[in-house]
Structure formats: structure tokens, C-alpha cells
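Colleague: The sequence shown maps to residues 0 to 196 in numbering that gives the first Met the number 0.
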Amino acid sequence: MVRYYSNIVGKYGKFVQKALKKLESFEISTICSTHGPVWREKTAEVIDIYDRLSRYEPLDDGVTIVYGSMYGNTEQMAEAAADGLAAAGVRDISVLNASNTDLSYIIADIFRHRGLVIAAPTYSDGLFPPVAAVMEAIAVRGVQNREVLLLGSHTWSQQAIKVMTAHIEASGLSTVADAVSAKHAPAPDVLTQCRQS
Ligand SMILES: Cc1cc2nc3c(=O)[nH]c(=O)nc-3n(C[C@H](O)[C@H](O)[C@H](O)COP(=O)(O)O)c2cc1C
């Protein structure tokens, strides 16, 4: 249901809020979403989840780590961030490779979780395309209220962090710590920063 909502309806949060207000006085027995699942049970729970998703409130305190990586450098940074979060007691951590995970699953986890780590290498003086697609999908849906951390890798010019920061600022999201930058393969101190941030 979260995957359905976040991908298809996710962009229209304020309209969902208006619709829910109109329906407040009705006793609802069946929810027939236009092209999503039909709910005949647990309708109150479903409406509550729609309400929270349409206010862009996370459903839980988990963290989505979405990364792209050509040689594995950024992947090491993403794995280090996952280790750090697990050591800090975060139980629900999704580590998703943007190159081989369908965008719909990435968007669903971003809507579900409070934390969001985005990690990418610099590519042709810009952002690695699979991660650029994720940034675009976040902007299109107007995702809000997330605790964001950016990790970036480069060899001669750190454009990935620059581009991701511009996307995050334009989306009205904010980061919880300074972005972590690696020059080519991440050195041990950089991996420590990924764990601690
Ligand atoms: C196709 C390609 C394009 C790249 N373009 C840039 C670039 O414009 N600027 C830069 O600093 N590094 C560039 N790099 C280097 C990578 O950003 C760097 O090696 C990074 O550590 C790769 O991380 P990854 O293993 O996670 O992909 C490029 C590498 C490749 C393979």
C-alpha cells in the first residue's frame, strides 16, 4: 500500500488532505483506490496511513540509504553509514542500490522512513544518473520532513555533493550533518565519518 500511495498519489498530498477532511463524517467500510488495492478490512488503519503519508510524515524511525556506485567507492561509504546506524540501534535500515533497484521500491522506503542517506559519485562533472533519477523523484513528490545525510565521491571535482545539496535545498529538505566527501576510494577516516554522521 505504501508503494502504491507513494509512487502514484505521493505528489498530491494536499489534495488527499482535502479529500480526507471531506470524508471525516462518513463511516467508511470499503476503500476502492482508483488503480490500487481495495481495502474491506482495516479501513481506519489505512486512512490513518494515508493521512500520515499525505502530510509527508514518516511512518517509522527507519533509515533508507540509497546509493549509486561505479567501482564500489560510494558503496563502501553507504555500507559504513549502515554500520554506524545499526551500531546506534536503528533497526530498520534499507540499503538500496539505485542502479538495480526499481525506483518504486526506493520511493516507498523514502516515504516510510524518517532518515534518508543519499550517496553518489561524481559523473561527467555532475551527479551519477541513477541517483539523479532518485533526486528528481523526491522533488516531483515534494517529500518533506526527512533527516537527510549526503555522501559523495569524486576524483578531481566534487560535483555530486554540490548537485545533491542544490536538489535538497530546492526541495525544502534539510540535512542533519555536513556532507561526507571522499576522493576516489574512501580513506579510513572518511569511512569513520560516514559511520559517525
Ligand atoms: C564515467 C565516469 C565519469 C566520471 N566523471 C568524473 C568527474 O566528472 N569528476 C570527478 O571528479 N570524477 C569523475 N569520475 C571519477 C569518480 O567519481 C570516482 O572514481 C568515484 O570515486 C567513483 O565512485 P564509485 O566507485 O562509487 O562509482 C568519473 C568516473 C567515471 C567512471
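For each residue, glycine too, the CB sits at the ideal point set by N, CA and C.
To the nearest angstrom, report how far apart Asp177 and Tyr3 are at their CA atoms.
Modeller: Taking the sequence shown and counting its residues from 1, one reaches residue 177 at position 178. Taking the sequence shown and counting its residues from 1, one reaches residue 3 at position 4. Their Cα atoms are separated by approximately 33 Å.
Colleague: Ala184 to Thr73, Cα distance in whole Å?
Modeller: Along the sequence shown, one-based indexing puts residue 184 at 185. Along the sequence shown, one-based indexing puts residue 73 at 74. Each residue's Cα considered, the two are about 8 Å apart.
Colleague: Could you tell me which residues DSSP puts in a beta bridge with Tyr229?
Modeller: There is no way to answer for residue 229, as the model of the chain reaches only from 0 to 196.
Colleague: Counting beta carbon pairs with one atom in the segment 43 to 55 and one in the segment 2 to 17, are three or more of them shorter than 8 Å?
Modeller: Yes: the two stretches touch, three or more of their Cβ pairs being nearer than 8 Å.
Colleague: In whole angstroms, what separates the C-alpha of Val139 from that of Phe14?
Modeller: Locating residue 139 in the sequence shown gives position 140, counting from the first residue. Locating residue 14 in the sequence shown gives position 15, counting from the first residue. So the alpha carbons of these two residues sit roughly 15 Å apart.
Colleague: Helix, strand or coil for Pro120 per DSSP?
Modeller: Here residue 120 refers to the residue found at position 121 of the sequence shown. It is a strand residue.
Colleague: Is the closest heavy atom of ligand 1 to the C-beta of His183 under 7 Å?
Modeller: Sequence index remark: in the sequence shown, residue 183 carries index 184 (1-based). Yes, the beta carbon of His183 sits closer than 7 Å to at least one heavy atom of ligand 1.
Colleague: With a threshold of 16 other CB atoms inside 10 Å of the CB of Gln195, please say whether the residue is buried or exposed.
Modeller: Your numbering for residue 195 matches position 196 in the sequence shown. The residue is exposed, with fewer than 16 neighbouring Cβ atoms inside 10 Å.
Colleague: Between Ala119 and Gly151, which are expected to be in contact by the criterion C-beta below 8 Å, what is the C-beta distance as a whole number of angstroms?
Modeller: Mapped onto the sequence shown, residue 119 falls at position 120. Mapped onto the sequence shown, residue 151 falls at position 152. The pair is a contact, with the Cβ atoms about 6 Å apart (cut-off 8 Å).
Colleague: Say yes only if the C-beta of Glu74 is nearer than 7 Å to one or more non-hydrogen atoms of ligand 1, and no if none qualify.
Modeller: Stepping through the sequence shown from its first residue, residue 74 is reached at position 75. Yes - ligand 1 has a heavy atom lying nearer than 7 Å to the Cβ of Glu74.
Colleague: Rounded to the nearest angstrom, what separates Pro57 and Tyr70 at their Cα positions?
Modeller: In the sequence shown, the residue the question calls residue 57 occupies position 58. In the sequence shown, the residue the question calls residue 70 occupies position 71. Their Cα atoms are separated by approximately 32 Å.
Colleague: Per DSSP, what kind of secondary structure is Glu74 in: helix, strand or coil?
Modeller: If you number the sequence shown from 1, residue 74 lands on position 75. Helix at Glu74.
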